[in-house]
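To keep things clear, I will list the structure first and then write my remarks on it.
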Amino acid sequence: MSFDINYMVGGEAGQGVQSVALLLGKALAGAGCRVFGDQDYESRVRGGHNFFRVRASDAPVKAIDEEVDVLVALNAESVHLHVSEVGRSGAIIYDNERTKGLPADPRLLGIPLQRLAVERAGNAIMTNTVALGAALGLISYDRSSLNDVLKKHFSGAVADENVAAATVGYDHARSLYKGSLAEIRVGSVANRMLMTGNEALSLGAIAAGCKFMAAYPMTPTTSIMEYLAAHAKECNLVMVHAEDEIAAIHMAIGASYAGVRAMTATSGSGFCLMSEGLGLAGMTETPVVIVEGQRAGPAIGFPTRTEQGDLLFLLYAHQGEFARAILAPTTIEDCFWSAVKAFNLADRYQTAVLVLTDSFLASSFGTVEGFDLSRVVIDRGAIHTDADGDPSAYLRHKVTGDGISPRAFPGRGKTLVVTDSDEHDEAGHMTEDAGVRTAQMDKRLRKLTSMAKEVTAPYFYGPEKADVLLIGWGSTYGALQEAADILRRDVSARVLQLNQVWPFPSEAVDAEIRRSKSTFVVENNATGQLARLIRSETGNKVTGNILKYDGRPFTPAIVASAVRREVS
Amino acid sequence: MVALSDYEGMKPAWCPGCGNFGILRALNKALVDLGLEPNQILLVSGIGQAGKLPHYTKGNIFNSLHGRPLPVAVGAKIANPSLRVIAVSGDGDAYGEGGNHFVHTARRNHDITYLVHNNQVYGLTKGQASPTSDPGFVTGSTPEGAANAENPVMMAIASGATFVARSFAGDVNHLSDMIKKGLNHHGFAVIDILQPCVTFNHKNTFAWYQQRVYRIEEGSGYDPVDKIAALNRSQEWGDKIPIGVFYQMTAPTYEDQLTVLKSGALAEQQTDARLVQGLFSQFM
């Protein structure tokens, strides 16, 4: 029997909400489930209210679901805030000795979490692990997967204590709860991994041969810099914690000029500082990969919350005109492959490639079915060495038909590599000449034409002939697909999702809109930025926008009800 | 053997008589004296009249944005530590727009030599006050006189630079000697260069400097190992202006502390997608 179960873990910052949720995700993935989860947290170190959602199924799960089956409430506030989201047959696990005064509710499942932790594991710090065990006790679940996860996550005596705590929680919940919320009948699957969008992106960057990163910590991309820093030694790379975002992008440009694949990562307000470096990469034709994790702006906005408000900013940031590419990964798996593609595009076209994610995708976690590394192709683009001719005749910015001038690297031979942020001649020296300027501008912009030929085709989901076409970009893909599934009973919907927004895949989008009866663009922003881009690039005005800009991600149900409102 | 003729670049677009000519001559002389070939060096400059200097000599050149030569130089140095990296700025570039990079590049002690053409005025934008303009200096942007002046030598020492010197564009031999010392120093070497601007600074002229500058080691001698003594000495500015090495210490550079660089330049290390295979298990 197929199953689809939704957990929510709630508590205050510093209470270990994240650990419980991630271990729960790992335990479910380890048992063979497909898992997807997200994080909702406040911009504070202690206190407040944070919650994580963890959804597991035997079928692929692409989005979060609104109805909660099991709420693990690590404090009373979590019950008050989320009781209305728990389904009628759901359960709410809470510590009935430490939480008093909750209104009577048949779904409440009181367990003395802390007392059991002290009695059975000898440590109140194991309270969350008791709750974790209890959460899994409500479903038909083989506890050995949980034990494996705990033994892997912890070591020595601490691992044993955690196993003991989880066991008592599991047994206690089983003794109280006469039923099973889900029958999990799948075996473990080889190569299945549970990771966040940022982790997938980090792995993709390392696989692509990124050797240098410089960054300044900023939610939601900090974990990328931390991941690369943590694995710098084993992966032969350097991660520099720069003094600010301006330094970060310029360091990456310097490293790239000297011959290595280089990146930086930030969010929108950090990218504001980076925009001058973006143009420097364009002018000096230096490859650089910039990850921008959007959060709700402007200014500090919601520092930990999600939005898709920076699309047009990234497209137009910096003065003047030059070629750039913007990728918008749609899923956790896509984060890996977008990173690989970004480095290849950057090297081939010798410019900045932006990878546009958001808080939701960056911190969402889910199962991926392994990455086939034989598919990772590293293409460094056109390279010039001393063997290619007289070093003194080398022209770094040689005018060519496709706009690509072979790159040489400084200090690797006799060839001198000269480049300039000023307008420059083919040799890289500054100039005031009108003709040279025009030739260099044309050359640099020709790269955009070449780049447009290898733009990633949009992803499609749903029937070719449908009542409505839903267009999204980036992280909303999962919600849109599941919304189409929900709608199937009354409205047929087709989803077109862009994972590359620049160069714009005009032909594919234009053709799809033209043959659709009605088209809605779904975006996590207030002004419909993609809809405007579609109009400017294809001339099509869409039927309407479905927008959300409260800092929270779309759920399938929200999209589905908005579509119903529009078509009714 | 490398010769001065190997360092002939484009014809400079500086004003006749500009202090920058002395700096260019001193740099070329230092490079030749040290036997460095143009392909062994990387010149990273910012914007301003100083930022043009790399074009007027030879080498690998990255002429970056205003205030940003240091982070570009840092990235390049880490990617390929075999490059002798020389960053070139003016006072606006180094101490104004790039102030934060100056402080932190010094703090991290990257193995970079930093030449700051300090003419105490903005030349490229035609004569506004700079962070090092003397207090009261009247310009188009400071009609009531400039505010307090930055003290680059003190700031460099306080920020953690491991080699801090001052020289004078009118004394090519001294400046060349300072540049050689800076290039031979293992760590971040700052050379603040007093550079007369013949067009926009009619106060701090060649004659004004010539009357004031003297070798720091003159008289009772000076040993640049004591940080507090160096900070004290950095306060001297007025009728007498010391030039020479204010401070030098030995410390591991940022690059020395990177384990990865012990197996060679990043630029020489092969990329291999299989590196990540070993990382996958932690997600299972």
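Residue numbers (the working numbering), protein chains in the order written: chain A, 5 to 572; chain B, 29 to 312. All C-beta atoms in this analysis are idealised placements derived from N, C-alpha and C, irrespective of residue type, glycine included. All figures in this text were calculated on a predicted structure; none of them were measured in a lab.
Exercise for the section: Provide the residue(s) that pair with Pro-163/B in DSSP beta bridges, ordered along the chain. Expected result: Taking the first residue of the second sequence as 1, we reach residue 163/B at position 135. Pro-163/B pairs with nothing; no bridge assigned.
Handout entry: Contact set between Gly-263/A and chain B, taken where Cβ atoms lie within less than 7 Å
Key = For the purposes of this step, residue 263/A is taken as the residue at position 259 of the first sequence. By Cβ distance, chain B contributes Ala-107, Asn-108 and Ala-295.
Practice task
Flag this pair as yes or no: are the beta carbons of Gly-41/A and Gly-52/A separated by less than 8 Å?
Solution key: Looking up residue 41/A in the first sequence gives position 37. Looking up residue 52/A in the first sequence gives position 48. Against a cut-off of 8 Å, the Cβ pair of Gly-52/A and Gly-41/A comes out as no contact.
Practice task
Could you check the C-alpha separation between Val-654/A and Val-288/B for me, to the nearest Å?
Solution key: The structure shown has nothing for residue 654/A, since chain A only spans 5 to 572.
Practice task
Using a Cβ-Cβ cut-off of 8 Å, state whether Val-288/B counts as contacting chain A.
Solution key: By one-based count along the second sequence, residue 288/B stands at place 260. So, interface residue.
Problem - Residue-chain proximity (Val-72/A, chain B), Cβ-Cβ < 8 Å - result: Working through the first sequence from its first residue, we reach residue 72/A at position 68. By this cut-off, Val-72/A is not an interface position.
Practice task
Report the residue ranges of all alpha helix (DSSP H) runs contained in full by the segment 190 to 216 of chain A; include only those spanning at least 4 residues, in chain order.
Solution key: 201 to 211
Exercise for the section: With a 10 Å radius around its C-beta and 16 neighbouring C-beta atoms as the bar for buried, classify Ala-397/A as buried or exposed. Expected result: As a first step, residue 397/A is located in the first sequence; it is residue number 393 there, counting from the start. Counting Cβ neighbours within 10 Å, Ala-397/A comes out exposed, since fewer than 16 surround it.
Handout entry: Nearest candidate by alpha-carbon position, reference Thr-153/B, set Pro-44/B, Ser-291/B and Ile-75/B
Key = Taking the second sequence and counting its residues from 1, the one referred to as residue 153/B is at position 125. Comparing Cα-Cα distances from Thr-153/B to each of Pro-44/B, Ser-291/B and Ile-75/B, the minimum goes to Ile-75/B.
Problem - Ser-33/B at chain A interface by Cβ criterion, 8 Å - result: Working through the second sequence from its first residue, we reach residue 33/B at position 5. It does not; no Cβ of chain A falls within 8 Å.
Problem - Chain-order list of residues whose beta-carbon lies under 7 Å from that of Ala-246/A (same chain, five-residue window excluded) - result: By one-based count along the first sequence, residue 246/A stands at place 242. Closer than 7 Å at the Cβ level, and outside the excluded window around Ala-246/A, lie Ala-218, Ala-219, Tyr-220, Ala-252 and Met-255.
Practice task
Give the DSSP bridge partners of Trp-265/B, in chain order.
Solution key: On the second sequence, residue 265/B is found 237 positions in, with the first residue counted as 1. DSSP lists no partner for Trp-265/B.
Practice task
With DSSP collapsed to three states, give me the class of Gln-504/A.
Solution key: Counting from 1 along the first sequence, the entry for residue 504/A is found at position 500. The answer is strand: DSSP assigns Gln-504/A an E or B state.
Handout entry: Near-chain B residues of the segment 218 to 238 of chain A (beta-carbon distance less than 8 Å), N- to C-terminal order
Key = Ala-218, His-235, Ala-236, Lys-237 and Glu-238
Practice task
Please confirm if the segment 131 to 149 of chain B is in contact with the segment 207 to 220 of chain B, defined as three or more CB-CB distances below 8 Å between the two stretches.
Solution key: yes
Handout entry: Buried versus exposed, by CB contacts within 10 Å (16 or more), Tyr-320/A
Key = By 1-based counting over the first sequence, the position of residue 320/A is 316. Exposed.
Problem - Near the ligand FAD: Gly-105/A beta-carbon under 7 Å from a heavy atom - result: The model depicted lacks the ligand FAD and carries no ligand whatsoever.
Practice task
Using a Cβ-Cβ cut-off of 8 Å, state whether Pro-414/A counts as contacting chain B.
Solution key: Start at 1 with the first residue of the first sequence, and residue 414/A comes out as number 410. Yes - at least one Cβ of chain B is within 8 Å of the one on Pro-414/A.
Handout entry: Beta carbon proximity, Gly-215/B to chain A, threshold 8 Å
Key = As a first step, residue 215/B is located in the second sequence; it is residue number 187 there, counting from the start. No, because no Cβ of chain A sits closer than 8 Å to the Cβ of Gly-215/B.
Practice task
Please report how far the alpha carbon of Gln-533/A lies from the alpha carbon of Gly-213/A, in whole angstroms.
Solution key: Taking the first sequence and counting its residues from 1, the one referred to as residue 533/A is at position 529. Taking the first sequence and counting its residues from 1, the one referred to as residue 213/A is at position 209. Looking at the two C-alpha atoms, the distance is approximately 33 Å.
Exercise for the section: Can you give me the start and stop residues for the alpha helix (DSSP H) that Val-60/B sits inside? Expected result: For this step, residue 60/B is matched to residue 32 along the second sequence. Where Val-60/B is concerned, the enclosing alpha helix (DSSP H) stretches over 48 to 61.
Exercise for the section: Name the two residues that bound the continuous alpha helix (DSSP H) containing His-202/B. Expected result: Walking along the second sequence from the start, residue 202/B turns up at place 174. 200 to 212 is the span of the alpha helix (DSSP H), which, as asked, contains His-202/B.
Exercise for the section: Taking only beta-carbon positions, decide if Pro-66/B is within less than 8 Å of chain A. Expected result: One-based indexing of the second sequence puts residue 66/B at position 38. Yes, Pro-66/B counts as interfacial toward chain A.
Exercise for the section: Return no unless some Cβ of chain A is closer than 8 Å to the Cβ of Val-60/B. Expected result: The residue you call residue 60/B lines up with position 32 of the second sequence. No - not a single Cβ of chain A is within 8 Å of the one on Val-60/B.
Problem - 7 Å CB neighbourhood of Thr-480/A in its chain, flanking five on each side removed - result: On the first sequence, residue 480/A is found 476 positions in, with the first residue counted as 1. Hits under 7 Å: Val-526, Asn-528 and Phe-558.
Practice task
Identify whether Phe-308/B lies in helix, strand or coil by the three-state DSSP scheme.
Solution key: Here residue 308/B corresponds to residue number 280 of the second sequence, with the count starting at 1. In the structure shown, Phe-308/B sits in a helix (DSSP, three-state: H, G or I).
Exercise for the section: Classify Ile-89/B as buried or exposed, calling it buried when 16 or more other Cβ atoms lie within 10 Å of its own Cβ. Expected result: Position 61 of the second sequence, counted from the start, is the residue given in the question as residue 89/B. Buried, because 16 or more other Cβ atoms sit within 10 Å of the Cβ of Ile-89/B.
Exercise for the section: Check the Cβ-Cβ distances between Leu-307/B and every residue of chain A, and say whether any is below 8 Å. Expected result: Taking the first residue of the second sequence as position 1, residue 307/B is located at position 279. True, the Cβ-Cβ gap to chain A drops below 8 Å.
Exercise for the section: Using a Cβ cut-off of 8 Å (strictly closer), state whether Met-197/A contacts chain B. Expected result: For this step, residue 197/A is matched to residue 193 along the first sequence. Output row for Met-197/A: interface = yes.
Handout entry: Tyr-353/A versus Pro-395/A: straight-line alpha-carbon distance, rounded
Key = Numbered from 1 along the first sequence, position 349 holds the residue referred to as residue 353/A. Numbered from 1 along the first sequence, position 391 holds the residue referred to as residue 395/A. Computed Cα separation, rounded: 23 Å.
Practice task
Report all residues from its chain with a CB closer than 6 Å to the CB of Lys-418/A; omit the five preceding and five following residues, and keep chain order.
Solution key: For this step, residue 418/A is matched to residue 414 along the first sequence. Answer for Lys-418/A: Asp-390 and Pro-395, listed in chain order.
Problem - Reference Glu-541/A, options Pro-509/A, Phe-464/A, Ala-128/A and Leu-491/A, closest by Cα - result: In the first sequence, the residue the question calls residue 541/A occupies position 537. Of the listed residues, the one whose Cα sits closest to Glu-541/A is Pro-509/A.
Problem - Inter-residue spacing [alpha-carbon to alpha-carbon] between Asp-205/B and His-322/A - result: Locating residue 205/B in the second sequence gives position 177, where the first residue counts as 1. Locating residue 322/A in the first sequence gives position 318, where the first residue counts as 1. One C-alpha to the other measures close to 41 Å.
Exercise for the section: Verify whether the separation of the beta carbon atoms of Leu-78/A and Gly-18/A is less than 8 Å. Expected result: Locating residue 78/A in the first sequence gives position 74, where the first residue counts as 1. Locating residue 18/A in the first sequence gives position 14, where the first residue counts as 1. Contact flag unset, no.
Exercise for the section: Please decide whether Gly-87/B counts as near chain A, where near means a Cβ-Cβ distance under 8 Å. Expected result: For the purposes of this step, residue 87/B is identified with residue 59 of the second sequence, where counting begins at 1. Taking Cβ atoms only, chain A reaches closer than 8 Å to Gly-87/B, which makes this a yes.
Handout entry: Unbroken alpha helix (DSSP H) run spanning Gln-298/A, endpoints
Key = In the first sequence, counting from the first residue as 1, residue 298/A sits at position 294. Per DSSP, Gln-298/A belongs to no alpha helix (DSSP H); it is in the beta strand (DSSP E), 292 to 298.
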